[in-house]
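Protein chains: 2
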Amino acid sequence: MTTIGDKSGLRVVGTRPVRPDGVDKVTGRAMFGADLHLPGMLEARIKRSPHAHARILGIDTAKALALPGVMSVATAADFPEIPHEVAMAGDGMINYRHLSHNIMARGKVLYHGHAVAAVAATTAAIAEEALELIDVRYEVLEHVLDVEAAMAPDAPLLHEDLFTAGVDPAPSRPSNVAKKVEFNKGDIAAGFAVAEVVVEGRYTTRPTHQGYIEPQACVASWGADGQGLIWSATQGHFMVRAYTAKMMGIDIASIRSIPAEFGGAFGGKTLVYLEPVAMTLSRKAGRPVRLVMSREEVFRASGPTSGSVVEVKLGAKRDGAITAARLVIKLEAGAFGGSSPINPACMCGLAPYDLPNVAITGYDVVSNRPQVAAYRAPGAPIAAFGVESTLDELARRLAMDPIALREKNAARIGTRTVYGVTFHNIGFLEVLAAAKAHPHYSAPLGPNQGRGVGCGFWFNVGGNTSAAVNLSEDGTATVASANPDVGGSRASLAMMAAEVLGVPYEKVRAVVADTASIAPSMLSGGSRVTVSAGTCVVQAAGKVVEELKKRAALMWDIPVEAVEWKDGAAVPAGANAGGFDPLPLAAIAADAHRTGGPIGAEVSTNVQGVAPGLAAHICDVEVDRETGRVTILRYTAVQDVGRAIHPSYVEGQMQGGAVQGIGWALNEEYVFDAEGRMENAGFLDYRMPVASDLPMIDTVMVEVPNPRMPFGAKGVAEVPIVPPTATIANAVRSAVGVRISDLPISPPKLLAALG
Amino acid sequence: MTTIGDKSGLRVVGTRPVRPDGVDKVTGRAMFGADLHLPGMLEARIKRSPHAHARILGIDTAKALALPGVMSVATAADFPEIPHEVAMAGDGMINYRHLSHNIMARGKVLYHGHAVAAVAATTAAIAEEALELIDVRYEVLEHVLDVEAAMAPDAPLLHEDLFTAGVDPAPSRPSNVAKKVEFNKGDIAAGFAVAEVVVEGRYTTRPTHQGYIEPQACVASWGADGQGLIWSATQGHFMVRAYTAKMMGIDIASIRSIPAEFGGAFGGKTLVYLEPVAMTLSRKAGRPVRLVMSREEVFRASGPTSGSVVEVKLGAKRDGAITAARLVIKLEAGAFGGSSPINPACMCGLAPYDLPNVAITGYDVVSNRPQVAAYRAPGAPIAAFGVESTLDELARRLAMDPIALREKNAARIGTRTVYGVTFHNIGFLEVLAAAKAHPHYSAPLGPNQGRGVGCGFWFNVGGNTSAAVNLSEDGTATVASANPDVGGSRASLAMMAAEVLGVPYEKVRAVVADTASIAPSMLSGGSRVTVSAGTCVVQAAGKVVEELKKRAALMWDIPVEAVEWKDGAAVPAGANAGGFDPLPLAAIAADAHRTGGPIGAEVSTNVQGVAPGLAAHICDVEVDRETGRVTILRYTAVQDVGRAIHPSYVEGQMQGGAVQGIGWALNEEYVFDAEGRMENAGFLDYRMPVASDLPMIDTVMVEVPNPRMPFGAKGVAEVPIVPPTATIANAVRSAVGVRISDLPISPPKLLAALG
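Respectively, the protein sequence lines represent chains A and B. Read in order, the letters of the first sequence are residues 1444 to 2198 in the numbering used here. Read in order, the letters of the second sequence are residues 1444 to 2198 in the numbering used here.
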């Protein structure tokens, strides 16, 4: 079904039809998480901790419950106590006990903004008034925010029962280090011994938020028969269903979870914060409940990515061949251990390179911050910031072109990664060649201007996935996806179905089916949807074509082997076939009731064989030496996209990832006061880049098709955020000769360094 | 998978779990057709004809459009002109041109209440005000209401282009007779020639309405991208999707149709009245539109069943053997030809009996009444009223027990019907035996009391159907049905899935999936859902079991042939299996991501092999000779149900059908004034039976399983409405010696007959 290396046969894949959700979004018709209204619906609000770390001595909800209009109040006492249970979910592991304690604090509050109680009332104003009437008594404890401070032996302990995992022998004393991971390949000491040049660096980053436009929002409705309905803004409605059931101690199938249209996520909607709380309030009140976060709550209580310390040491020969690489990564997990992306950070940092000797150590460390959540290529930009900055220094030391240095060491087919995977398909060399050949790379620069390059890797994900393709009576088709549409999957899935069926894109409509209507699918994350749901859709459409051929054979009364499918029609072929005219899909569909019934197919599978995403970015900056302000003059993102199913969406992903990385590099950071309270919990003070800050991001899609995925597709959404931080730091270094190794490269910091 | 004649192995099928929708319905949580609220939603109203028959000379909507708050107005000019096209849909044929002209009159209005224009406005009050501002100029025409009057040569013609179909040679002049049908078997003249007794009768019935509690209601939302969403109360959301698309001239897949919970239908929601109008208003206004009928509109403009004339002539030997049967049925179609249930009326009337010589003629006749819609076993109660009344007279003439007469002539396995079907499975003799043996049949009667018996037949329907069974991560299961739940199918489908999977009923939750999430299915009608969707569910659950066995084999590393499924668990069996403990479904589901991905199956098929439904009813009445009022003293419904999946629902169907038949027999009728306006368009004046009118209806479920359907099930919902009209007329005859052959047997009519 796939067409590798030859686009000439493709009619739909690779074109740029109008996105199916676009019109609804710009006209306001799209229904987001907060847009559902159910009869009798209550409004809920959450009371949050005013302390970064405190013991809860008691919660008195009596006054709140007595307030007219208040219909229910919930605290941790309304949720079952859950043992530590780490389960596979989404694109990582989830600890259900942590999740439970995060959605409603139990015993202790672990960060400023931690939920302690919730109220559902007939109006939002009453719910807010009721929050004030809930009396929570605290014993305030010392808090700790930053990763290395939390690792100190005398740091305040968040969890008395937390003993570092992954060390041998097991520690006898609790600490804030939840987990240590190690990845080794070759002989690191021998590698450094033969090195002719060694460069080292220490790099630090601050937590950044995904910054999605739509705050978390849901509507939950509990029925007296023990069945619940959830409408919510999420990357995974099956995840919402499973997590909510687990948090409430009920059967998964008792919940029907319907995905709302949602306004951005970038990994931030891969957990539940509100749904189990809203459902519990609904169960207690006997009425539907809407629960929506404010922007301030999003910042204070939903997961940003980790703050980090990254130490890099590279040894190389004078020709640029890297002989050894040592990487130490320390990541903040926020309040609960295991929440940081320490594994992908360790996996991705050096993965673009074919290195003989590698040693990587990673630490997952709790501190009094909101629980970390996934953020686009989780961990990879943090590791790449250190690695790609150090590579830039190595190139300088070797007086080597930075792209040539990377080409010298580039991973290729057959390269075995430090985490044990051998690449069967990888387009890094092609990406580097395209970057080097791009006019941007050789364009002249002016004073105070500099150019940086940086690369990035994301392994991409496949996994459990479901989708269905069904024909209507007139031959138009529906695609039912089990994955919320993060970045255009309704378009790309409909396009793939249209390609296989041989019909125009406009004859196929894709929707996201609810949890009761299709088999479960892992959430939309890991850059997995186009390839994984695409695999299901292409297989399902293929089954539909086989069925259409059978029906045509019945209608013609010839053997099915004598029927071929061509240009959206059955055609007779071979000696056993008569001289029939082509029978178009619509004609077969119209007769389906006479030839065996409705035509459709659902496919569920665990998708294997995805290929990694590789990117190289080029950035020109100009530094204002008076203010320390960095202006992005020109930005080019080059990426191996496998096969661009819908090129406009792919370009959008590349541009969007670059822009998020630029924000992370230059401006975004959480600022805390001495009591551990975030001081900039709003878009006015948390500075994300806006259109006027940026030039148009140029994109180069390099197509190195992956033959195991439909039409050669690869995940494209995450890797674009990986290169920008180092790319910009390298460009600043090039412009003003100063290496900034602590993000963000904000004007005061750069001014001080220039200083 | 099915267990025929042996219920001992069944754990779930045949039990009576709480109905899954029941709690929602009694607590008010269920969302019906009018309960969806979309942001920016408008309210719509329809302007209707004040004349029974008139030419539309012009419609001026300018003033209405100018009214502040009015957002759009629609007339027939907003719908495409559709050629005559008769297509298979639901459980019958639909003429799309008629449907289009019924939802919005074009050129002529054909009945009082016929839609002529519609308005969407910001409030219902504004919409109603706007209706008054629409100026429609009419040329009033002569009208005709009743079937025989409409058949008269000089009757006012509804359609100048209507020429009777089914007559040879084709007529040269138009008439109101849309269709003539004939069914013949044997030699009718010879049959009467050998008859020793001949009885004849002429029977007439009035239109009756389905009387569902919830009026037609929908919300439609059109997107600027040409995709529409419909939420509506319907028996078939795929039907709504297809009909609305056809009425608007758009692709079927461009509409997503979501079935609301709905409050009764009984065949009355097998057509669209509102959805294309609401969608057109939404398209013109650019906002969602809600359109809900009032009860008055339901009576005036949605389909009742036909008024009728039925002529019956039976010839028999003295021993009761019927030698010839002649049946003439004339049915009102309402405004559009082909709408009456003339075919099923002709098919069902004599089908309970094995008769050598039969001649049946049927007429479908238009008149100035609302278009007839399906009503529970469409046409069968009308035919049965004539046939079963005449049989009662024949039994009297022969001095024979009326049940014995029916046993003498009963259809049995091998009987070939007049419409060409040979019964492979039929439980009529068993039903008659159970009726005769019932204590009710031999209980004593008092003065002015009488007992009647009557029988009924419905062929039952299979057809195009889809359903899916999917497992959650914890092993609980969802059943996705493509059929709106009319009478408990969510319960029966979940039960069948639970039976096949070997898990408790509570672990399976069934929902009705929307049109974009599953393959198309014929609407819920014809008593087809339990058997047809049940077939899909049992097959899908069987595929899930096969997959579970495969996964268990993988987990155990033994051949799949060495795995059996028993009591909801995989168990090793045979020489190649090890000594493993049973592996329950939940354990396999929890590991599914490691063994190949999510587990689920969708099945779409054209279900064949349903068996007919047969019923015998016994009724005792007491007649008040002073008022003519008939009191139902005791009522027993005996029916072949094949296998009662959920006996409470089956009993409910039997009771409900009997009650509707009782209403039809005693009270319900449309009363028109001289101008052709219905005078009793409301529940106060249209007299349906209420609980206080009736005794508890006793039910006897006779289980003659149909081996071709899951667990032996048969359609049970329609046949219970077939016997009551004659059963009651026969009881009245028995009580007071008067044969009433014109329904309803209302007090004034009976009083007049009593003289």
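All C-beta atoms in this analysis are idealised placements derived from N, C-alpha and C, irrespective of residue type, glycine included.
For the pair of segments examined, the segment 2037 to 2057 of chain A was found to touch the segment 1957 to 1968 of chain B: the number of CB pairs separated by less than 8 Å reaches three.
Beta-carbon to beta-carbon, Thr1958 (chain B) and Arg2176 (chain B) are separated by about 50 Å, too far to satisfy the 8 Å threshold. Scanning the segment 1452 to 1482 of chain A for uninterrupted beta strand (DSSP E) segments of 3 residues or longer gives nothing; none is fully contained.
For the C-beta of Asn2049 (chain A), the chain B residues within less than 7 Å are, from N- to C-terminus, His2036, Gly2039 and Gly2040. Val1922, Ala1923, Ala1925, Glu1949, Lys1950, Val1951, Arg1952 and Ala1953: these are the residues of the segment 1922 to 1953 of chain A whose beta carbon lies less than 9 Å from some beta carbon of chain B, given in chain order.
Two segments are said to touch when three or more pairs of C-beta atoms, one from each, lie closer than 8 Å; by this definition the segment 1458 to 1471 of chain B does not touch the segment 1502 to 1519 of chain B.
Taken through DSSP and simplified to helix, strand or coil, Ser1915 (chain B) comes out as coil.
At the C-beta level, Trp2008 (chain A) and Gly1918 (chain A) stay beyond 8 Å of one another.
Taking the C-beta atoms as reference points, Gly1692 (chain B) is found no nearer than 8 Å to Pro1927 (chain B). If you check each beta-carbon in the segment 2094 to 2112 of chain A against every beta-carbon of chain B, none falls closer than 7 Å. The three-state secondary structure of Tyr1818 (chain A), taken from DSSP, is coil. When secondary structure is reduced to three states using DSSP, His1541 (chain A) falls in the helix class. The continuous alpha helix (DSSP H) containing Gly2095 (chain B) extends over residues Pro2090 to Leu2109.
Of the residues assessed, Met2152 (chain A) falls on the buried side of the cut-off, its CB having 16 or more other CB atoms within 10 angstroms. Thr1860 (chain A) and Val1552 (chain A) have their C-alpha atoms some 40 Å from each other. For Val1466 (chain A), at least one C-beta of chain B is nearer than 8 Å to its own C-beta. Fully contained in the segment 1989 to 2064 of chain B are the following beta strand (DSSP E) runs of length 3 or more, in chain order: 2006 to 2009, 2012 to 2015 and 2043 to 2050.
Taking a cut-off of 8 Å on C-beta distances, the segment 1705 to 1724 of chain A does not touch the segment 1968 to 1985 of chain B, as fewer than three cross pairs fall below it. Short of 6 Å from the beta carbon of Lys1689 (chain A), and not among the five residues preceding or following it, lie these beta carbons of its own chain, in chain order: Tyr1539.
For Val1943 (chain A), the enclosing alpha helix (DSSP H) starts and ends at Ser1932 to Leu1944. Cβ proximity to chain A below 8 Å picks out nothing from the segment 1864 to 1880 of chain B. Scanning its chain for C-beta atoms nearer than 7 Å, with the 5 sequence neighbours on each side dropped, one finds around Pro2027 (chain B) the residues Gly2011 and Ala2012, in chain order. Taken in chain order, the unbroken stretches of alpha helix (DSSP H) that lie wholly in the segment 1816 to 1857 of chain A and span 4 residues or more are 1823 to 1841 and 1845 to 1852. 8 Å or more divides the Cβ of Glu2069 (chain B) from the Cβ of Thr1804 (chain B). If only complete runs of 3 or more residues are kept, the segment 1705 to 1740 of chain A shows the beta strand (DSSP E) at 1732 to 1735, in order along the chain. Looking at the backbone, the Cα of Leu1510 (chain B) and that of Phe1742 (chain B) are separated by about 29 Å. With a minimum length of 4 residues, the unbroken runs of alpha helix (DSSP H) contained wholly in the segment 1562 to 1643 of chain A fall at 1567 to 1576, 1590 to 1594 and 1631 to 1636.
With a threshold of 8 Å between beta carbons, Val1461 (chain B) makes contact with chain A. Taken in chain order, the whole beta strand (DSSP E) runs of length 3 or more contained in the segment 2120 to 2171 of chain A are 2140 to 2145.
Contacts with chain A at 8 Å (Cβ-Cβ) do not include Asp2000 (chain B). Under the Cβ criterion of 8 Å, Arg1616 (chain B) is not counted among the residues facing chain A. In the DSSP annotation of this structure, the continuous segment of the beta strand (DSSP E) that includes Arg1498 (chain B) starts and ends at Ala1497 to Asp1503. Counting every other CB atom within 10 Å of its CB across the protein chains shown gives Ile2188 (chain A) a total of 16 or more, marking it as buried. Within its own chain, the residues whose Cβ lies closer than 6 Å to the Cβ of Glu1585 (chain B), once the five positions on either side in sequence are excluded, are Pro1599, listed in chain order. Ser2189 (chain A) carries a coil assignment under DSSP once its states are collapsed to helix, strand and coil. Between the segment 1900 to 1918 of chain A and the segment 2047 to 2061 of chain A there are three or more C-beta pairs closer than 8 Å, enough to call the two in contact.
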